[in-house]
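Notes for the one structure printed next.
Chains as they are written, first to last, in my numbering: chain X, 1 to 420; chain D, 1001 to 1441.
In structure tokens, the structure reads:
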């Protein structure tokens, strides 16, 4: 066994109860993959996010949702109906064993069941509880409905993303896909919970965290707020590059293979840079007039910015496949990147060098699948996917019987009465 | 009575610059850590160039608005770490700190003699978070990135846009924001682990690699089902599915209609709202909000299958209605009826018009010595015992040099003056700000 295999994750011995739907399940994964014992509590029959596709072999089934698989690694799973008295009683016993409870119910729901933080802290003063909800526990929008797309609209992501008029006339603001409103909220929620955990290591006290997805998204548009607060500017959308108060030179160019390259050139055009750019473009014999001594004069460079970017750089990129441009440029110190489809990353040797892709066993299928790995390598306490997403109620016996001491017959009665 | 702080007595040595690293340490500061930002004006990146200096102020090292918002809750030590004397001072600072964080390319700290092995000799349980573009291992570790490049190379850019058009991408450095989040998450996780075990460690964060797990379901669709994302109808704009293309899940939740952005009155640049119906029942509520017009009650729109088949017509009809209402009025009407709708909000909308963000005190004013009273972005979570808060405006460059060098590290006033004279604390030939003259008296 290597050192890395024998080390525990940084959150080992931490128990997290997750009562989360599609909004918060990624936060539970962040904890689980870093070593916490995350127990996902689903309603009997399974969490509705199991109904989100795509599905294994395109056969819809709550155990075949790839979305659910991805966001629920390294968790154990139990079923429990909190809207029954027995369910609440069992939840209270589980809560006694928990360091952290993460919940995404609508505001007031747990309180209506007598399971809010005020009730739970009475049995465990060290408990940290985080409610991650669309708008938080207070305010005029508190009870509004939402979705990933809605958050990207109100949070400002859409107002910043889209197209130049010349590329797509009358284009709408565009919401990048992939569930990033949820991701952003889960990153912030994770941060708040771990800060509370650090405080608990010193003060021995838990606390309640009211986290809001809308605020997390509203915080995640880089300088858009500063542009307004300090200059009164409202930024415009531009194809494949930063929003800006006024038009800026383009940074996305079509390569020979029909895919694109992100090439950051404008703002960097010094005489020294021109020389390096000429060397790069000359690798394919396309430096044009860049070696003309006139470019030693910054004023000449400034007057020719459009020529350099829209002719020379664009033509160079158009002459080669995007991956070739990417690596040729980066090897020479240019901060450029190929615009890749996600699946192209499976063939990226750099990710393989870092051991990024993980084989995850699905023993019930007799198969293993490749999953994305870690954002960061924790050299002293490794990240790992400890198990695939739980099947519905997979750990009911382990947790209710082995840990809480219920008999198998009691468990059967609970199942018959739709408590689990 | 002042509230306790989650990171009370935690000290962070912050070598980071530009955006991602400073966005990470901003949050450590908000939790109460003492964040000491080490800067050098000759190769500063983050304060300059500035496109967010108010029109009535001179652009200089202390007048960037975006720098202010990104660097609240920190102190600034101006220090030439590339000099032997400066390096020695940095080491004395590290010896009394808990976290070292930086976002240089992969070999810089090592070259300075501050690689992890060396850091451990200075402070055995140090938590060291490196936030490089491509990580400290792997064949491309020397590649460099900014947000847009990490987003491009990781596949994030590609999932934004209309089908058959160039990628729209992200209109800002999402991975500077999110990379910064991961920097803070790594530092906090490393700190928790240290407090529990007594062990520090090096956490090797890569901006580009951190982008890849944000495509999980799409990647599994490829590794499990063999379905790639270069396909007709992808990316599907704001829709869950693009009309006339094969019906597949596009990794933005359930496949439903309507699911789009619609123009609103009076049709200016940011007059849009989004509407999503997650069920037939929600669609029927929208029909009622629209006044049950005859087109909307047509049976062809009653089921999701029908709405998918006639999505283009449906979207045009919805937009004809949405154009008659302002985006906030439309939102209120829809939400009052249980329909998912929210306005597309610009920065101005969020700061001036969003009633929820106002209620939650998202933008509170702070006084900055050069920029005056300005709204600063607050935390998106409320901790009941140890609230995160903005308690210091961003530092002027070198503003806390005396406080740190004398007060924390125990050097004398003479040492401080000598360090200014020999170029350790400020370039000899560079004009000093008035507050520096003040600190040398």
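For glycine and all other residues, C-beta sits at the position ideal for the given N, C-alpha and C. All figures in this text were calculated on a predicted structure; none of them were measured in a lab.
Given residue i as reference, the closest of the options once Cα atoms are compared
i, options, result
"residue 1021 (chain D)", "D:1090, D:1105, D:1199, D:1052", "D:1105"
"residue 1037 (chain D)", "D:1433, D:1440, D:1394, D:1411", "D:1394"
"residue 80 (chain X)", "X:20, X:74, X:10, X:126", "X:20"
"residue 1053 (chain D)", "D:1428, D:1372, D:1384, D:1382", "D:1372"
"residue 42 (chain X)", "X:253, X:381, X:78, X:9", "X:78"
"residue 1317 (chain D)", "D:1271, D:1161, D:1264, D:1347", "D:1264"
"residue 1430 (chain D)", "D:1030, D:1042, D:1023, D:1018", "D:1042"
"residue 1074 (chain D)", "D:1008, D:1035, D:1338", "D:1035"
"residue 1013 (chain D)", "D:1003, D:1026, D:1272, D:1107", "D:1026"
"residue 292 (chain X)", "X:214, X:318, X:278", "X:278"
"residue 1363 (chain D)", "D:1185, D:1376, D:1102", "D:1376"
"residue 65 (chain X)", "X:56, X:162, X:331", "X:56"
"residue 1275 (chain D)", "D:1269, D:1298, D:1238, D:1305", "D:1238"
"residue 1213 (chain D)", "X:288, X:179, X:10, X:263", "X:179"
"residue 1384 (chain D)", "X:241, X:131, X:70, X:406", "X:131"
"residue 157 (chain X)", "X:216, X:201, X:195", "X:216"
"residue 251 (chain X)", "X:335, X:359, X:195, X:13", "X:335"
"residue 204 (chain X)", "X:232, X:370, X:125", "X:125"
"residue 1381 (chain D)", "X:68, X:45, X:49, X:134", "X:134"
Backbone secondary structure at residue i - three-state DSSP
i, result
"residue 222 (chain X)", "coil"
"residue 1207 (chain D)", "helix"
"residue 168 (chain X)", "coil"
"residue 2 (chain X)", "With a pLDDT of only 48 at residue 2 (chain X), under the threshold of 50, the placement of this residue in the model should not be trusted; the figure read from the coordinates follows. Reduced to three states, the DSSP call for residue 2 (chain X) is coil."
"residue 260 (chain X)", "strand"
"residue 241 (chain X)", "strand"
"residue 1424 (chain D)", "coil"
"residue 90 (chain X)", "helix"
"residue 1275 (chain D)", "strand"
"residue 208 (chain X)", "strand"
"residue 1383 (chain D)", "strand"
"residue 1304 (chain D)", "helix"
"residue 255 (chain X)", "coil"
"residue 1416 (chain D)", "helix"
"residue 397 (chain X)", "helix"
"residue 43 (chain X)", "coil"
"residue 22 (chain X)", "coil"
"residue 421 (chain X)", "Any property of residue 421 (chain X) remains undetermined from this structure, which presents chain X solely from 1 to 420."
Enclosing alpha helix (DSSP H) for residue i [first to last residue]
i, result
"residue 1218 (chain D)", "1216-1225"
"residue 409 (chain X)", "408-416"
"residue 292 (chain X)", "No alpha helix (DSSP H) holds residue 292 (chain X); DSSP gives it neither H nor E."
"residue 189 (chain X)", "180-203"
heavy atom of the ligand PLP below 7 Å from residue i C-beta
i, result
"residue 1360 (chain D)", "Summarising the ligand content, the structure contains no ligands, and the ligand PLP is consequently not present."
Span of the beta strand (DSSP E) around residue i
i, result
"residue 1079 (chain D)", "Where residue 1079 (chain D) is concerned, there is no enclosing beta strand (DSSP E), given that its DSSP letter is neither H nor E."
"residue 1011 (chain D)", "1011-1014"
"residue 1403 (chain D)", "From DSSP, residue 1403 (chain D) is part of no beta strand (DSSP E); its letter is neither H nor E."
"residue 1037 (chain D)", "1034-1039"
"residue 369 (chain X)", "367-371"
"residue 1282 (chain D)", "From DSSP, residue 1282 (chain D) is part of no beta strand (DSSP E) but of the alpha helix (DSSP H) over 1280-1289."
"residue 1026 (chain D)", "Where residue 1026 (chain D) is concerned, there is no enclosing beta strand (DSSP E), although the alpha helix (DSSP H) it sits in stretches over 1020-1030."
"residue 77 (chain X)", "75-79"
Notebook entry, point to check: Below 8 Å, can you find three or more Cβ-Cβ pairs linking the region 80-91 of chain X to the region 20-40 of chain X?
Noted result: No: fewer than three Cβ pairs fall under 8 Å.
Check: Do the region 1066-1076 of chain D and the region 387-399 of chain X make contact, defined as three or more Cβ pairs closer than 8 Å?
Finding: Inter-segment contact for the region 1066-1076 of chain D and the region 387-399 of chain X is absent: fewer than three beta-carbon pairs are separated by less than 8 Å.
Next item on the list: Specify whether the region 1138-1156 of chain D and the region 327-336 of chain X touch according to this definition: at least 3 beta carbon pairs, one from each stretch, less than 8 Å apart.
Entry: Judged by Cβ distances under 8 Å, the region 1138-1156 of chain D makes contact with the region 327-336 of chain X, as three or more pairs qualify.
Notebook entry, point to check: Hey, is the region 239-256 of chain X in contact with the region 289-304 of chain X, meaning 3+ C-beta pairs nearer than 8 Å?
Noted result: These segments do not touch.
Item checked: Any 3 or more C-beta pairs closer than 8 Å across the region 1177-1196 of chain D and the region 338-349 of chain X -> No, they do not touch.
Check: Are the region 1080-1090 of chain D and the region 407-415 of chain X touching, with three or more C-beta to C-beta distances below 8 Å?
Finding: No: fewer than three Cβ pairs fall under 8 Å.
Check: What are the start and end residues of each continuous beta strand (DSSP E) run of 3 or more residues lying completely inside the region 95-153 of chain X, in chain order?
Finding: Segments of the beta strand (DSSP E) lying fully in the region 95-153 of chain X: 100-103, 128-133.
Next item on the list: Identify every run of the alpha helix (DSSP H) within the region 1310-1373 of chain D, keeping only runs that are complete inside it and at least 4 residues long; order them along the chain.
Entry: Complete alpha helix (DSSP H) runs here, min 4: 1311-1322, 1327-1336, 1355-1359.
Note to self: Between the region 214-225 of chain X and the region 1215-1231 of chain D, can you find at least three pairs of beta-carbon atoms closer than 8 Å?
What the structure shows: These segments do not touch.
Note to self: So, does the region 1146-1159 of chain D touch the region 153-170 of chain X, judging by three or more C-beta pairs under 8 Å?
What the structure shows: The region 1146-1159 of chain D is not in contact with the region 153-170 of chain X.
Next item on the list: Write down every uninterrupted run of the alpha helix (DSSP H) in the region 1121-1195 of chain D whose length is 4 residues or greater and which is fully enclosed by it, in chain order.
Entry: The qualifying runs are 1147-1154.
Next item on the list: Count the CB pairs spanning the region 1154-1170 of chain D and the region 146-153 of chain X that are closer than 8 Å, and state whether there are at least three.
Entry: No, they do not touch.
Check: Which runs of the alpha helix (DSSP H) spanning at least 4 residues fall entirely within the region 285-339 of chain X, listed in chain order?
Finding: Taking only runs of at least 4 residues, the alpha helix (DSSP H) segments lying wholly in the region 285-339 of chain X are 298-303, 314-318, 322-331.
Note to self: I'd like to know if the region 1120-1136 of chain D and the region 1197-1210 of chain D are in contact, where contact means that at least 3 CB-CB pairs between them fall below 8 Å.
What the structure shows: The region 1197-1210 of chain D and the region 1120-1136 of chain D touch, with three or more beta-carbon pairs separated by less than 8 Å.
Note to self: As an exercise, report each continuous beta strand (DSSP E) stretch of at least 3 residues that is fully enclosed by the region 1078-1116 of chain D, in chain order.
What the structure shows: Counting only unbroken stretches of 3 or more residues, the beta strand (DSSP E) elements lying wholly within the region 1078-1116 of chain D are 1099-1102, in sequence order.
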